[in-house]
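Residue numbers (this note's numbering): 646 to 933.
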């Protein structure tokens with residue numbers, strides 16, 4: 646299929662690369678230049694406008710940072726340029742409200758399809774895609790879906806798929822904070838990092854999804870792909886869902902504030918694992 650990928654952050658580049666490996670023809674666009682080199686070398690066509698990227702494509706995919714970025718692209722140049730028979734897929738993590746608006750704007754041809762997994766998992770075809778929307782659209786998208794992953798979970802509406810993603814993200818965000826605080830307790834009582842690694846690294850209480858960030862939380866590595874800014878944003882979106890149902894989430898509020906504090910300390914471009922710096926005393930501005 647002819648696919649346009651709009652947004653070339655780490656996840657967008659991984660998605661484009663996976664589609665190319667699956668034999669699809671891929672056009673890419675990013676607001677800022679300089680991120681397309683790897684996928685262009687792999688066979689993608691770089692474009693300089695959304696309109697050029699989506700011209701005559703079967704599928705247009707946005708994978709952008711937040712509601713504002715998606716709204717600007719989807720309700721701007723994409724809406725006016727996308728062919729009447731083309732499918733629009735949003736893989737971004739946004740609010741259920743915006744996803745519902747997109748479903749209304751692109752009736753019978755829109756899917757919300759947020760991704761659960763790292764860029765490496767996307768490249769390897771091991772990520773989980775949460776597809777929300779019309780079943781007929783999902784069926785039409787099958788050639789793309791089969792290239793991306795064997796695991797596609799279906800939801801009746803776009804907002805349900807987004808809710809599923811935010812519930813998942815909140816769990817991992819909370820687990821990272823809990824692990825950082827567990828390490829803080831151990832260090833406060835005199836345990837070394839080697840002892841903490843030996844104690845918890847293979848412990849059955851460590852969630853499987855947390856294992857790939859265990860060393861980063863323990864050592865303070867800031868490399869990764871899901872920034873503290875985006876972590877705070879996602880926790881806030883999860884809180885909004887609960888708030889609209891008059892459900893209080895006091896622990897989630899603390900988690901959101903932890904990531905906001907980490908981002909404000911100069912760790913805004915660091916992975917969510919960098920929240921551990923609030924406990925190690927290594928973050929800027931004297932945070933502990």
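We put the CB at the ideal spot given by N, CA and C, even for glycine. As the structure is a computational prediction, the values presented were derived from the model and not from experiment.
Per-residue burial, residue i [other beta carbons within 10 Å of its own, 16 or more giving buried]
i	result
residue 780	exposed
residue 843	exposed
residue 879	buried
residue 737	buried
residue 814	buried
residue 888	exposed
residue 740	buried
residue 750	exposed
residue 916	buried
residue 658	buried
residue 794	buried
residue 798	exposed
residue 664	buried
residue 858	buried
residue 759	buried
residue 873	buried
residue 668	exposed
residue 892	exposed
residue 945	Since the displayed the chain opens at 646 and closes at 933, residue 945 lies outside it and no answer follows.
Beta-carbon separation (whole angstroms), residue i vs residue j, contact threshold 8 angstroms
i	j	result
residue 883	residue 905	Not really, about 14 angstroms apart at Cβ, beyond 8 angstroms.
residue 656	residue 764	5 angstroms
residue 800	residue 776	7 angstroms
residue 732	residue 652	With a Cβ gap of about 17 angstroms, residue 732 and residue 652 do not count as contacting.
residue 822	residue 724	Incorrect: roughly 38 angstroms between the Cβ atoms, too far for contact.
residue 769	residue 803	So it is not a contact: roughly 26 angstroms between Cβ atoms.
residue 818	residue 900	5 angstroms
residue 828	residue 692	No, residue 828 and residue 692 are not in contact; Cβ-Cβ is about 45 angstroms, not under 8 angstroms.
residue 862	residue 897	Between residue 897 and residue 862 the Cβ distance is about 19 angstroms, and since that is not below 8 angstroms, they are no contact.
residue 642	residue 748	Summary: the structure shown does not reach residue 642, with the chain confined to residues 646 through 933, and so no result is reported for it.
Residue i versus residue j: straight-line alpha-carbon distance, rounded
i	j	result
residue 673	residue 845	42 angstroms
residue 910	residue 923	9 angstroms
residue 875	residue 745	21 angstroms
residue 929	residue 660	In this predicted model, residue 929 has a pLDDT of only 35, less than 50, meaning its place in the structure is not dependable enough to derive any value.
residue 782	residue 706	14 angstroms
residue 792	residue 684	16 angstroms
residue 836	residue 786	52 angstroms
residue 919	residue 774	26 angstroms
residue 809	residue 734	16 angstroms
residue 662	residue 890	39 angstroms
residue 788	residue 870	27 angstroms
residue 727	residue 696	7 angstroms
residue 753	residue 806	16 angstroms
residue 688	residue 679	16 angstroms
residue 721	residue 649	16 angstroms
residue 908	residue 690	34 angstroms
residue 933	residue 912	With a pLDDT of only 35 at residue 933, under the threshold of 50, the placement of this residue in the model should not be trusted, and no figure is reported.
residue 710	residue 811	14 angstroms
residue 831	residue 860	15 angstroms
residue 676	residue 713	13 angstroms
residue 796	residue 666	18 angstroms
residue 852	residue 839	20 angstroms
residue 719	residue 671	18 angstroms
residue 881	residue 864	27 angstroms
residue 833	residue 820	20 angstroms
Reduced DSSP category for residue i - H, G, I as helix; E, B as strand; rest coil
i	result
residue 931	Reliability of the predicted coordinates at residue 931 is poor, the pLDDT of 38 falling under 50, and the value obtained from them is presented with this limitation in mind. Three-state result, residue 931: helix.
residue 798	strand
residue 887	helix
residue 777	strand
residue 713	helix
residue 729	coil
residue 651	strand
residue 784	helix
residue 830	helix
residue 822	helix
residue 792	helix
residue 899	helix
residue 662	helix
residue 672	strand
residue 739	coil
residue 924	helix
Cβ of residue i within 9 angstroms of any chain C Cβ
i	result
residue 665	Checking the listed chains, one finds no chain C in this structure; it contains a single protein chain.
Which residue spans inside the stretch 744-772 form an unbroken beta strand (DSSP E) run of at least 3? 755-757
4-residue-minimum alpha helix (DSSP H) runs that sit fully inside the stretch 835-892, ordered along the chain: Correct list: 838-845, 859-864, 873-889.
Uninterrupted alpha helix (DSSP H) stretches inside the stretch 678-708 (no shorter than 4 residues): 682-686, 695-699
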